[in-house]
Amino acid sequence: MNILAVDTSTLVLSIAVLNEQKILGEKTTNLKKNHSVRLMPAISELLTDLDMTLSDMDLFAVTAGPGSYTGVRIGVTTIKTFAWALHKPFLAVSTLEVIAMNGLHFPGNIVPLIDARREQAYTAVYQGQEDRLQLKLPEQIILVDDLLEQLKQDQNETLFIGDDVTMFSDKITSALKERAIMAPTSHNLPRASNLGILSLQKWLETGKGERHDFSPNYLQLTLAEKNLLGRLT
Numbered sequence: 030m031n032i033l034a035v036d037t038s039t040l041v042l043s044i045a046v047l048n049e050q051k052i053l054g055e056k057t058t059n060l061k062k063n064h065s066v067r068l069m070p071a072i073s074e075l076l077t078d079l080d081m082t083l084s085d086m087d088l089f090a091v092t093a094g095p096g097s098y099t100g101v102r103i104g105v106t107t108i109k110t111f112a113w114a115l116h117k118p119f120l121a122v123s124t125l126e127v128i129a130m131n132g133l134h135f136p137g138n139i140v141p142l143i144d145a146r147r148e149q150a151y152t153a154v155y156q157g158q159e160d161r162l163q164l165k166l167p168e169q170i171i172l173v174d175d176l177l178e179q180l181k182q183d184q185n186e187t188l189f190i191g192d193d194v195t196m197f198s199d200k201i202t203s204a205l206k207e208r209a210i211m212a213p214t215s216h217n218l219p220r221a222s223n224l225g226i227l228s229l230q231k232w233l234e235t236g237k238g239e240r241h242d243f244s245p246n247y248l249q250l251t252l253a254e255k256n257l258l259g260r261l262t
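If you use my numbering, the sequence shown corresponds to residues 30 to 262, in order.
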């Protein structure tokens with residue numbers, strides 16, 4: 030089974046092609062550039078390098094969010110279009126889970142963080158068990174101070190992972206002291222290969238793809254939705 034995985038939910042653009050045995054190729058950049066301009070050329074370049082085409086794919090995978098509203102939409106729309114046009118299934122996986130996969134073998138809590146502005150973060154708490162992530166606290170948008178208060182009650186070491194962790198590192202170390210572990214820089218970026226692995230696990234367990242009316246998981250309303258609700262109330 031060949032899988033094309035695409036993540037555009039943050040500033041990182043990551044694409045990968047893999048199968049059940051190995052990662053065939055991966056391209057990841059962390060640039061403040063428009064994903065809508067760069068995504069298709071990046072996919073084309075990777076497939077050309079691998080001497081493959083979109084028709085060779087059996088399953089498509091994309092990050093479902095949370096993250097950048099625009100970034101999430103670009104990835105989801107692209108993958109849904111591929112799946113619809115080629116009559117192939119697609120699966121969506123949480124951006125937080127994809128980031129957390131980089132810390133899969135950490136023995137304590139694994140906490141991915143994505144900045145949500147106003148001292149808030151998109152986050153969840155995971156724990157690795159063999160080759161799987163187990164969700165300990167659900168995905169949410171939360172004040173970082175409130176998250177740290179919850180983690181103070183847990184005596185396990187906690188790995189904070191993600192490109193935005195540095196924004197909150199002083200608060201984290203002040204609250205959790207030696208129980209706070211910061212992931213190395215090389216582990217902070219979401220990798221499309223991890224997205225593909227998680228999607229393959231999900232496919233083998235369920236044999237079902239997403240419905241074509243699938244919608245991203247932003248964890249909060251978009252500005253347009255907030256404005257609309259304001260006019261209706």
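Cβ atoms here follow ideal geometry from the backbone N, Cα and C, with glycine treated the same way. Model, not experiment: these values are computed from the prediction.
Beta-bridge pairing of residue i - partner residues as DSSP gives them
i      : result
Phe89  : Leu33 and Phe119
Asn63  : DSSP, once it has assigned bridges, lists no residue as partnering Asn63.
Ala45  : Ala34 and Glu55
Asp144 : Ala150
Asn138 : Gln156 and Thr187
Anticipated Cβ contact below 8 Å, residue i with residue j, distance rounded
i      : j      : result
Ser84  : Pro219 : Ser84 to Pro219, Cβ: 27 Å. No contact.
Gln149 : Val173 : 7 Å
Gly191 : Ile226 : That pair is no contact at about 18 Å.
Leu177 : Ala129 : In fact, because the Cβ distance is near 18 Å, the residues do not count as touching under 8 Å.
Proximity to residue i [Cα-Cα], best of the options
i      : options                           : result
Ile153 : Lys109, Gly104, Lys165 and Leu227 : The sequence shown places Ala at residue 153, not Ile. Of the candidates Lys109, Gly104, Lys165 and Leu227, the one whose C-alpha sits nearest the C-alpha of Ala153 is Lys165.
Phe189 : Gln182, Asp183 and Ser198         : Ser198
Leu133 : Asn217, Ile170, Trp113 and Ala112 : Asn217
Asp8   : Glu186, Ala114, Leu53 and Leu68   : With the chain covering only 30 through 262, there is no way to say anything about residue 8.
Val41  : Gln184, Gln50, Ile103 and Ser73   : Ile103
Gln169 : Met196, Lys231 and Gly94          : Gly94
Met196 : Arg146, Phe243 and Asp183         : Arg146
Thr97  : Pro245, Leu224 and Ser38          : A small fix is needed here, since residue 97 is Ser in this sequence, not Thr. When each option's Cα is compared against that of Ser97, the closest is Ser38.
Ile210 : Asn138, Gln182, Phe243 and Trp232 : Asn138
Tyr247 : Trp232, Glu74, Pro70 and Gly100   : Gly100
Leu47  : Ala221, Ser244 and Glu74          : Ala221
Pro213 : Pro141, Arg67 and Leu76           : Pro141
Met69  : Lys51, Thr110 and Gln50           : Thr110
Pro245 : Leu75, Thr92 and Ala45            : Thr92
Below 8 Å, can you find three or more Cβ-Cβ pairs linking the stretch 30-47 to the stretch 75-89? yes
- Query: Does the stretch 114-131 come close enough to the stretch 234-244 to have 3 or more Cβ pairs within less than 8 Å?
  - Reply: yes
Starting from the N-terminal side, write out each stretch of the alpha helix (DSSP H) that is 4 residues or longer and does not extend beyond the stretch 150-237.
173-181, 198-205 and 221-235
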